[in-house]
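Enquirer: To convert, count from 1 in the sequence shown and add 70; that's this note's numbering.
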Amino acid sequence: MEAIKKQATKLREQVAKQQQAVLRHLGHFSNEDITVDEAELQCHQKLQDLYSSTKAAKHLQRNIVRGIEGFIATSSKLIEIARKLADDCCKFGAENQNAGFSLARAALQFGKSHKSMEDERVTLLGILSEQVSEPLRALITGAPLEDARHLTHCYDKLCQEVEAQAADVLRRRSKTRESDISAESYMKLKQAEERLTELKSSMMVLGREATAAMLSVEDQQQKITFHQLLAMVDAEKSYHQRILAILEKLYAEMILEEQMNESLNSVTLQREVNVALAHDNTRSNRSEAQGNNQSYVSFIAKVVHPFDAQADGELSLAVGDYVVVRQVGPTGWSEGECKGKAGWFPSAYVERQEKAPASKIIEANSAA
Numbered sequence: 071m072e073a074i075k076k077q078a079t080k081l082r083e084q085v086a087k088q089q090q091a092v093l094r095h096l097g098h099f100s101n102e103d104i105t106v107d108e109a110e111l112q113c114h115q116k117l118q119d120l121y122s123s124t125k126a127a128k129h130l131q132r133n134i135v136r137g138i139e140g141f142i143a144t145s146s147k148l149i150e151i152a153r154k155l156a157d158d159c160c161k162f163g164a165e166n167q168n169a170g171f172s173l174a175r176a177a178l179q180f181g182k183s184h185k186s187m188e189d190e191r192v193t194l195l196g197i198l199s200e201q202v203s204e205p206l207r208a209l210i211t212g213a214p215l216e217d218a219r220h221l222t223h224c225y226d227k228l229c230q231e232v233e234a235q236a237a238d239v240l241r242r243r244s245k246t247r248e249s250d251i252s253a254e255s256y257m258k259l260k261q262a263e264e265r266l267t268e269l270k271s272s273m274m275v276l277g278r279e280a281t282a283a284m285l286s287v288e289d290q291q292q293k294i295t296f297h298q299l300l301a302m303v304d305a306e307k308s309y310h311q312r313i314l315a316i317l318e319k320l321y322a323e324m325i326l327e328e329q330m331n332e333s334l335n336s337v338t339l340q341r342e343v344n345v346a347l348a349h350d351n352t353r354s355n356r357s358e359a360q361g362n363n364q365s366y367v368s369f370i371a372k373v374v375h376p377f378d379a380q381a382d383g384e385l386s387l388a389v390g391d392y393v394v395v396r397q398v399g400p401t402g403w404s405e406g407e408c409k410g411k412a413g414w415f416p417s418a419y420v421e422r423q424e425k426a427p428a429s430k431i432i433e434a435n436s437a438a
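1. Figure out for me which residue from D391, A412, S244 and K227 has the closest Cα to the Cα of A381.
2. Is it right to say Q256 is buried, meaning 16 or more other beta carbons lie within 10 angstroms of its own, or is it exposed?
3. Could you tell me which residues DSSP pairs with A412 in its beta bridges?
4. Classify D226: buried if its beta carbon has 16 or more other beta carbons within 10 angstroms, exposed otherwise.
5. Which residues does DSSP list as the beta-bridge partners of Q397?
6. Closer than 8 angstroms is the cut-off here; do at least three beta carbon pairs connect the segment 268-280 with the segment 218-233?
7. Specify the secondary structure class of Q423 as computed by DSSP and reduced to three states.
8. Look up V373 in the DSSP assignment and say whether it is helix, strand or coil.
9. Between the Cα of R207 and those of Q291, A253 and E110, spot the shortest distance and give me the residue it belongs to.
10. Could you check whether S172 and E327 sit closer than 7 angstroms to each other, using their CB atoms as the reference points?
11. Have a look at I134 and A126 and give me their C-alpha separation to the nearest angstrom.
12. For M187, collect the residues of the same chain with a Cβ closer than 6 angstroms to its Cβ; drop the 5 residues on either side in sequence, then sort them by chain order.
13. If I measure Cβ to Cβ from R132 and keep anything under 7 angstroms in the same chain, skipping five residues before and after, which residues do I get?
14. When the Cα atoms are used, what is the spatial distance from Q423 to G410?
15. In three-state terms, what does DSSP make of L195?
16. To the nearest angstrom, how far is the alpha carbon of H375 from that of Q329?
17. Is there contact here, the segment 107-122 with the segment 183-198, by at least three beta-carbon pairs under 8 angstroms?
18. Measuring straight from C-alpha to C-alpha, what distance separates L194 and L130?
19. Under 6 angstroms Cβ to Cβ from D391, same chain only, skipping five residues before and after it: list those, please.
20. Counting C-beta neighbours from all protein chains within 10 Å, is the total for S122 16 or more, i.e. buried, or is it exposed?
21. Just grab the DSSP bridge partners of E200 for me.
22. Given this structure, state the Cα-to-Cα distance separating R242 from L228, to the nearest angstrom.
23. Which class does L385 belong to by DSSP, given the choice of helix, strand or coil?
24. Who are the near neighbours of I197 in its chain, counting only those whose CB is closer than 6 angstroms to its CB and skipping five residues on each side?
25. From K293, F180, V395 and Q311, pick the residue whose C-alpha is nearest to that of K205; which is it?
26. Take the Cβ of Q298 as the centre, count every other Cβ of all protein chains shown within 10 Å, and call the residue buried at 16 or more, exposed below.
27. Is the beta carbon of S368 closer than 7 angstroms to that of D378?
28. So the candidates are K154, L178 and L240; which of them puts its Cα closest to the Cα of M324?
29. Return yes when the Cβ of A280 is within less than 7 angstroms of the Cβ of L215, no when it is not.
30. Whole angstroms are fine: how far does the CA of D217 sit from the CA of D289?
31. Whose CA, out of S199, R153 and N166, lies closest to the CA of G181?
32. In terms of DSSP beta bridges, what is Y392 paired with?
33. Beta-carbon within less than 6 angstroms of Q201's beta-carbon, same chain only, minus the 5 sequence neighbours each way: which residues are those?
34. Check each candidate in S417, F415, S252 and L117 and name the one with the smallest Cα separation from H223.
35. When the Cα atoms are used, what is the spatial distance from K307 to N166?
36. Quick check: the Cα distance between G383 and W414, rounded to an integer number of angstroms?
So this is what it looks like as structure tokens:
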């Protein structure tokens, strides 16, 4: 269709030039008439360029809208799949939370984080639809573009009328060279010339209106389409930044969970050794202390972290208690007494005190 329009445009230009040559030869058109014809051709070419430009922009807008619609449709399916995975992870974490498994805590963190990520994706899709796709769709089918195109089509039709009328005038003028012209023929020639003048005047006015309308539409297309592309980039940038923040937080939580799990495994292994040595060391130290007729107290310490004994030979601690530390082992465990009970506990859970309330010291040594 575009090729046919271009051929028609070239044909009209050739006909117009031939008409001008013949008219100059006959001497019936002045230089002003010729200048007007050149201006008409320039106007016509300008409108053709604007029509092509606005058409290309319209195609781009339509492609952007279709791309966003496809992206939304695909992302909606991905959201459904991702949310199912997040729900399954949260369910596993909630059901096994009391068991104290690190996997349960990690699964719960994973599920909550991915729910937040999918919420961010829903927000992004809403922005793309409401702030990018819908304005472009309205611009594609909007009245300004259709009105400007209508004026251009009217201008093309009027150009064809002008060409036909010019050909009629040319034919009537050529007859005046062949023989004497009658009064009736002369009147018809004058009427044809007047009609041609009116048509050309209307064509110039309509051409200016169509050109102004098309220029306005072209400017609107360029600005709005650029703005929508920028809005889309900004929305995607913000989305990926928020997703990165969620993933970084999740990664830090899972690394911490891994470290705590490794530390717990190390403590469990040490317990097996400490429990086996606890009673022997205690009996040996007490026997040595009694034999030397002296106290074996090393120092007083305050509990800064609670500890629940889980094996024989371990000593439970509560924050704020004071412990009589008798010995500090090389494996990170200490042995001491608190509230009449003796046993082993993690050394890091207490802090040495230079001074302590007398009542607390008596309480810590109440079993001695």
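Even for Gly, the Cβ is constructed at its ideal location relative to N, Cα and C.
Expert: Let me spell this out:
1. Translated into positions along the sequence shown, residue 381 becomes position 311. Looking at the Cα atoms, A412 is the closest of the given residues.
2. Within the sequence shown, numbered from 1, the residue matching residue 256 stands at position 186. The residue you asked about is not Gln; residue 256 is Tyr in the sequence shown. By the neighbour-count rule (16 or more Cβ atoms within 10 Å), Y256 is not buried but exposed.
3. The count along the sequence shown starts at 1 and reaches residue 412 at position 342. Per DSSP, E407.
4. To locate residue 226, count along the sequence shown from 1; it is residue 156. D226 comes out buried.
5. Taking the sequence shown and counting its residues from 1, the one referred to as residue 397 is at position 327. Looking at the DSSP assignment, Q397 forms a beta bridge with E405.
6. yes
7. To locate residue 423, count along the sequence shown from 1; it is residue 353. Correct three-state label for Q423: strand.
8. Within the sequence shown, numbered from 1, the residue matching residue 373 stands at position 303. Reduced to three states, the DSSP call for V373 is strand.
9. Locating residue 207 in the sequence shown gives position 137, counting from the first residue. Answer by Cα proximity: Q291.
10. Your numbering for residue 327 matches position 257 in the sequence shown. Your numbering for residue 172 matches position 102 in the sequence shown. In contact: E327 and S172 (Cβ atoms closer than 7 angstroms).
11. Numbered from its first residue, the sequence shown carries residue 134 at position 64. Numbered from its first residue, the sequence shown carries residue 126 at position 56. Rounded to whole angstroms, I134 to A126 spans 12 angstroms at the Cα level.
12. As a working mapping, residue 187 is identified with position 117 in the sequence shown. Once the five neighbours on either side are set aside, the close Cβ partners of M187 are I313 and I316.
13. As a first step, residue 132 is located in the sequence shown; it is residue number 62 there, counting from the start. Apart from the 5 residues on each side of it in sequence, R132 sits with its Cβ closer than 7 angstroms to the Cβ of I210 in its chain, given in chain order.
14. By 1-based counting over the sequence shown, the position of residue 423 is 353. By 1-based counting over the sequence shown, the position of residue 410 is 340. Straight-line Cα distance between these residues: approximately 19 angstroms.
15. As a position in the sequence shown, residue 195 is number 125, starting the count at 1. Residue state, collapsed to three classes: helix.
16. Looking up residue 375 in the sequence shown gives position 305. Looking up residue 329 in the sequence shown gives position 259. Using only the alpha carbons, I get a separation of about 18 angstroms.
17. no
18. Counting from 1 along the sequence shown, the entry for residue 194 is found at position 124. Counting from 1 along the sequence shown, the entry for residue 130 is found at position 60. Spanning the two alpha carbons is a distance of roughly 22 angstroms.
19. The residue labelled residue 391 in the question sits at position 321 within the sequence shown. Within the same chain, D391 has close Cβ partners V373 and C408.
20. Against the sequence shown, residue 122 aligns to sequence position 52. The residue is exposed, with fewer than 16 neighbouring Cβ atoms inside 10 Å.
21. Along the sequence shown, read from residue 1 onward, the residue named residue 200 stands at position 130. Under DSSP, E200 takes part in no beta bridge, so it has no partner.
22. In the sequence shown, the residue the question calls residue 242 occupies position 172. In the sequence shown, the residue the question calls residue 228 occupies position 158. Straight-line Cα distance between these residues: approximately 21 angstroms.
23. Locating residue 385 in the sequence shown gives position 315, counting from the first residue. Coil, per DSSP.
24. Taking the first residue of the sequence shown as 1, we reach residue 197 at position 127. Once the five neighbours on either side are set aside, the close Cβ partners of I197 are A305.
25. Within the sequence shown, numbered from 1, the residue matching residue 205 stands at position 135. According to the sequence as given, residue 205 is Pro; it is not Lys. Taking only the C-alpha atoms, the option nearest P205 is K293.
26. Along the sequence shown, read from residue 1 onward, the residue named residue 298 stands at position 228. Q298 comes out buried.
27. Mapped onto the sequence shown, residue 378 falls at position 308. Mapped onto the sequence shown, residue 368 falls at position 298. Not in contact: D378 and S368 (Cβ atoms no closer than 7 angstroms).
28. Numbered from its first residue, the sequence shown carries residue 324 at position 254. For M324, the nearest C-alpha among the options comes from L178.
29. In the sequence shown, the residue the question calls residue 215 occupies position 145. In the sequence shown, the residue the question calls residue 280 occupies position 210. No, these two residues do not count as a Cβ contact at 7 angstroms.
30. For the purposes of this step, residue 289 is taken as the residue at position 219 of the sequence shown. For the purposes of this step, residue 217 is taken as the residue at position 147 of the sequence shown. Each residue's alpha carbon lies about 15 angstroms from the other.
31. For the purposes of this step, residue 181 is identified with residue 111 of the sequence shown, where counting begins at 1. Among S199, R153 and N166, the Cα nearest to that of G181 belongs to R153.
32. Taking the sequence shown and counting its residues from 1, the one referred to as residue 392 is at position 322. Residue pairing by DSSP places Y392 opposite K372 in a beta bridge.
33. As a first step, residue 201 must be located in the sequence shown, where it is residue number 131. Taken in chain order, the residues that qualify are A301.
34. Taking the first residue of the sequence shown as position 1, residue 223 is located at position 153. Minimum Cα distance to H223 is reached at L117.
35. On the sequence shown, position 237 is the one that residue 307 refers to. On the sequence shown, position 96 is the one that residue 166 refers to. Between K307 and N166, the C-alpha separation is close to 37 angstroms.
36. On the sequence shown, position 313 is the one that residue 383 refers to. On the sequence shown, position 344 is the one that residue 414 refers to. Looking at the backbone, the Cα of G383 and that of W414 are separated by about 6 angstroms.
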